[in-house]
Amino acid sequence: MSSTTACDPIALLDERFRKAIGVALGDESVDADPIIKPSGNPQFGDFQANAAMSLAKSRGMNPRELAQKIATAVDLRGVAHPAEVAGPGFINVRLDLDALGAMLGSMDSANLGVPLLADRWGVTVDLCGVNVAKQMHVGHLRATIIGDCLARVFTRLGRVVHRENHLGDWGLPIAMTLAALRRAKVDLDRLTLEDLNVAYRRAQAEGRHDEAGLAAAIATHAGPHRVIELSIQNDDARASIDDAKRTLLKLQGGDEELRRDWQKLIDCTMKEVFHAARIMNVTLGPEHSRGESFFRDRLGGVVEAFLKAGLAKEDKGAIVVPFSDRERPLLIRKSDGGFLYATTDLAAVRFRVQELESNRVIYVVDARQRDHFKDVFDAAALIGWDRLPDGTQAHITHLGFGAVLGKDKRPLKTRSGENFTLMDLLDEAVERGTAEVTARAQDPNAPTHGLSAKELREIGQAVGIAAVKYADLSSEVTRDYVFDLDRMIAFEGDTGPYIQYAHARISSILAKSGVPISTIAAAPFRVAEPAERQLALTLLRYGTTVRDVADALEPSRLCSYLQTLANAFNAFYQACPVLKVEDSGVRLSRLRLCHLVRRTLADGLDLLGIVAPERM
RNA sequence: GCACCGCUAGCUCAGCUGGAUAGAGCAUCGCGCUUCGAACGCGAAGGUCGCAGGUUCGAAUCCUGCGCGGUGCGCCA
Numbered sequence: 029m030s031s032t033t034a035c036d037p038i039a040l041l042d043e044r045f046r047k048a049i050g051v052a053l054g055d056e057s058v059d060a061d062p063i064i065k066p067s068g069n070p071q072f073g074d075f076q077a078n079a080a081m082s083l084a085k086s087r088g089m090n091p092r093e094l095a096q097k098i099a100t101a102v103d104l105r106g107v108a109h110p111a112e113v114a115g116p117g118f119i120n121v122r123l124d125l126d127a128l129g130a131m132l133g134s135m136d137s138a139n140l141g142v143p144l145l146a147d148r149w150g151v152t153v154d155l156c157g158v159n160v161a162k163q164m165h166v167g168h169l170r171a172t173i174i175g176d177c178l179a180r181v182f183t184r185l186g187r188v189v190h191r192e193n194h195l196g197d198w199g200l201p202i203a204m205t206l207a208a209l210r211r212a213k214v215d216l217d218r219l220t221l222e223d224l225n226v227a228y229r230r231a232q233a234e235g236r237h238d239e240a241g242l243a244a245a246i247a248t249h250a251g252p253h254r255v256i257e258l259s260i261q262n263d264d265a266r267a268s269i270d271d272a273k274r275t276l277l278k279l280q281g282g283d284e285e286l287r288r289d290w291q292k293l294i295d296c297t298m299k300e301v302f303h304a305a306r307i308m309n310v311t312l313g314p315e316h317s318r319g320e321s322f323f324r325d326r327l328g329g330v331v332e333a334f335l336k337a338g339l340a341k342e343d344k345g346a347i348v349v350p351f352s353d354r355e356r357p358l359l360i361r362k363s364d365g366g367f368l369y370a371t372t373d374l375a376a377v378r379f380r381v382q383e384l385e386s387n388r389v390i391y392v393v394d395a396r397q398r399d400h401f402k403d404v405f406d407a408a409a410l411i412g413w414d415r416l417p418d419g420t421q422a423h424i425t426h427l428g429f430g431a432v433l434g435k436d437k438r439p440l441k442t443r444s445g446e447n448f449t450l451m452d453l454l455d456e457a458v459e460r461g462t463a464e465v466t467a468r469a470q471d472p473n474a475p476t477h478g479l480s481a482k483e484l485r486e487i488g489q490a491v492g493i494a495a496v497k498y499a500d501l502s503s504e505v506t507r508d509y510v511f512d513l514d515r516m517i518a519f520e521g522d523t524g525p526y527i528q529y530a531h532a533r534i535s536s537i538l539a540k541s542g543v544p545i546s547t548i549a550a551a552p553f554r555v556a557e558p559a560e561r562q563l564a565l566t567l568l569r570y571g572t573t574v575r576d577v578a579d580a581l582e583p584s585r586l587c588s589y590l591q592t593l594a595n596a597f598n599a600f601y602q603a604c605p606v607l608k609v610e611d612s613g614v615r616l617s618r619l620r621l622c623h624l625v626r627r628t629l630a631d632g633l634d635l636l637g638i639v640a641p642e643r644m
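Count the first sequence with my numbering and you get residues 29 to 644, in order.
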C-alpha cells in the first residue's frame, strides 16, 4: 500500500472491490472499475460501489444478485463493516472507526496525502498575457490567478512548472504607440501607465486603415463586428501607419535609441503588472516574462519549416497552412512579408514543448481565441512540434475563460465612468476588506482588538483579495463571467473569507489550548460523533481533490472542497466541544483533528494563492 | 452562412466516468451567543433542470431536432 492510498479510502476500497468483482464474475482476470463514490446520504454509509448495475446489464445478469455476490466476496476486514446491498444494486460501505483513525494518522504527514506525480517533463502555464502599454483590466485577473493557481497545484504535485507571461511587446501596435509618443515628444523617463494607455488607444484609433482586410472580412463572412470595425476608417490613418511601419522596421533593425525607448515602455508597463501581482499574492516576476519579441528571430524559421515540410503554400501572396477538415487555413506570413501572431504562437509552442521540455502546456487565455488556438495547435501537430525530442506526446490545452462583463452586459465602469481597471478592483477590495476588519476589531472581545492600523490593513488586504480571487476561481472557468463587485467582495457564505475564518478560528483554539504541537500530533484519533466522522471523511478527500484539479484544470473543485471542509469544521465545532470536553483523550483527539483541518485549509488556500491569517 | 460556448430555485452558481429524495450561497421567515471567535450553526420555504423526442432498470448528465442568449470566422494581436 502506497502512502497515498493509506489515507485515501476510495483508492483502498477500489482495490478491494476490484478483486471482489473478479471473484464474483468467476473470472479472476476481470478488471472492472468498481465505481466507488462517497455516499450521497449518510444513512447509506460512507461510500458506495455502483459497478454492479452496469456490469449486470452488459452481461445480462440480475443486478441485485451480482451486487450481493460482490458484497459477499469483498474483503473489508480491517477497513469497514460488512458491505450491504440496497436499492437496484448499490453496495454500501461504512468505514471501521479504527481504520478511519489510522487513515487520518496517515494523512497527518508532510504532504497531507497529496500524491507526487513522477514525471521528468515540465508543465508550462501560459498566464497573465498582458500587452505592453495597456492597462490591466479585469480580464487579466482571470488569466493571472487561474494560471497562478494551476501552476501552484502542479508544483505541489511535484511537477517542474514554467510560468510563461507571453507579453504583447512586439509588432505594429507597439510600434504605433512608440511612434506616437515620439512624435508628441513625450518624456519617456517620466511616463505613467495612464499616459501610455492613452497613447496606445489614440495610436490604434488613428491607424485603423485596412482596405484589404475589409475586403477579405466581407468575402469570408467575418463577423459583423469585424466588418464595422474595419469600415470606420479614414485616410489620415495612412500617414500614422506608415510612420509606425518605419518605426517597426528600425526597431527590428536594431536601432539603439529606439530600442532604449521601447524598453522604457516595457519597464513602465511591467512595473504595474508586478505591483498588481504582489497585491494579488500571485507568483509572477521578471523571470516569467517571455514576450513576443523573444521569438522574433525564429519567425522566419517557422515559415520555412512549414514550407519545407510541404505543409504550407502560397495564397494571394501570403503563406498559409491549410487543414483537411476545414476551409479556414492558418495564415503565417502576410503578403507584405510580415509575420502574424499565429507565427509567434507556433514558435512559442515549439519552444515550450521542445526547449522547455514540457509534456503539458496550458494556455490560460480568453475563450474568444478558441479558434485561433485550435488552428495553432493543429498546425503544430501537423509538423510534429507537439512532441518532445524523444517522441513523447505533449498535451497542449487552451483553457479559455469566459468574457468579463457587468450586470448590464456592457464593459465595466467605475463610479466616475472610467474604464474599470484591475487596479481599481484591487484597490476597492483592499479598502473594503480593511474597513471590515477594522470595524470588527472595535469589539473589545475580538482577537484583533488592539492591533495597529498597519496590521489591520495587512489582514484587510488578505481578506479583500481572498474575496475577489475566490469569487473568480470558484466558478467554472469556461463559463462567461458575470461581474458584480458587491457580490465579489462579499465576506459571508460561499466566499474566500469564510474559509479564512475557519482557519483563524482553529488557529485561535490551538493557541488557547496551550498544548504543544508535538503532543497534539502524537495523540490517537478517536472519531465517534457524527460531526467528527463527517469532518474526518471530508479531510481524507484532500489528496484526490488536488489531483483532480490538475487533471481537469478546474480550480473550482478545490474551492468547493475547501468550502465543504470549512463548513464541516464549523458544524463539528458547534456540536463537539474541544477545549471544554472532560475526557482528555477526546480533547487531544479533537485538537489533533483541528490541527489537521487547519493545515489542510492553509495548504489548500495556498494553492489558490490566498493568504490565511492567524487572526482576522 | 458556418463553427464554438451557455440555458438548473427570485438572484449568483455546484452537481465528479448516467445512480437512491437535484444541492449550496445570497435574499425571505424562524431558532441558537452571561462568548472554546455569531465573518458561525440549526431549521422552513423556494425548481415542469430552455423545449420536444430518443437510448434504458434508471437521464440535469448520453444522442437528435428546435428555441433563446453570447462569442468567433485569412493578411490586427
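Where is the CB? At the ideal position from N, CA and C, for every residue including glycine.
Rounded to the nearest angstrom, the gap between the Cα atoms of A532 and A640 is 8 angstroms.
Going by beta carbons, G129 and L155 fall outside the 8 angstroms limit. For the pair R191 and L312, the CB atoms are nearer than the 8 angstroms cut-off.
In its chain, beyond the 5 residues on either side, L359, I360, R361 and K362 have a beta carbon closer than 8 angstroms to the beta carbon of L368. Secondary-structure assignment with DSSP links A108 through a beta bridge to L123. A direct Cα-Cα distance of roughly 11 angstroms separates R507 from L427.
Of the candidates I98, R210, G542 and E355, the residue whose Cα lies closest to the Cα of L293 is R210. Ranking R187, S86 and L206 by CA distance to the CA of R230 puts L206 first. Using a Cβ-Cβ distance cut-off of 8 angstroms, the stretch 564-571 and the stretch 126-142 are in contact, since at least three pairs of beta carbons, one from each stretch, lie closer than that value. Distance between L538 and C622, taken at the CA atoms: about 8 angstroms. In its chain, beyond the 5 residues on either side, A559 have a beta carbon closer than 6 angstroms to the beta carbon of A599.
Annotation: P70 to I119 spans about 14 angstroms, alpha carbon to alpha carbon. Here the C-alpha atom of D373 lies approximately 21 angstroms from the C-alpha atom of M164.
The continuous beta strand (DSSP E) containing K65 extends over residues I64 to P66. Closest by C-alpha distance to A499, out of G117, L586, R561 and I545, is L586. Shortest Cα-Cα distance from P62 to any of N159, T183 and G117 involves G117.
Taking the C-beta atoms as reference points, S584 is found no nearer than 8 angstroms to S480. Under DSSP, no beta-bridge partner is assigned to H623. Residue pairing of R191 in beta bridges, as defined by DSSP: V153.
With respect to the 8 angstroms criterion, C177 and L501 are classified as neighbours on the basis of their beta carbons.
Here the stretch 457-475 does not lie against the stretch 590-606, with fewer than 3 beta-carbon pairs under 8 angstroms apart.
By the criterion of a C-beta distance shorter than 7 angstroms, A594 is surrounded in its chain by Y526, I527, A530 and L629, once the five residues flanking it on both sides are discounted. The DSSP-derived three-state label of D223 is helix. Taking the Cα positions, L453 is about 8 angstroms away from L513. In the DSSP assignment, T372 falls within the unbroken alpha helix (DSSP H) covering Y369 to R378. Here R569 carries a coil assignment [DSSP, helix/strand/coil].
A buried status is given to E320, since no fewer than 16 other beta-carbon atoms sit within 10 Å of its beta-carbon. Contact annotation: the stretch 331-339 does not touch the stretch 298-305, with fewer than three C-beta pairs closer than 8 angstroms. The criterion of a C-beta distance shorter than 8 angstroms is not satisfied by F75 and V107. Assignment of H303 by DSSP, reduced to helix, strand and coil, places it in the helix class. Bridge partners of F429 according to DSSP: D394. T152 counts as buried, since at least 16 other C-beta atoms from the protein chains shown sit within 10 angstroms of its C-beta. Partner residues in the beta bridge of L358, as assigned by DSSP, are V349. Within the stretch 160-211, the runs of alpha helix (DSSP H) at least 4 residues long that lie entirely inside it are, in chain order, 166-184 and 200-211. The three-state reading of DSSP puts Q470 in coil, since its state is none of H, G, I, E or B. Around the beta carbon of S535, a 10 Å sphere encloses 16 or more other beta carbons of the protein chains shown; the residue is thus reported as buried.
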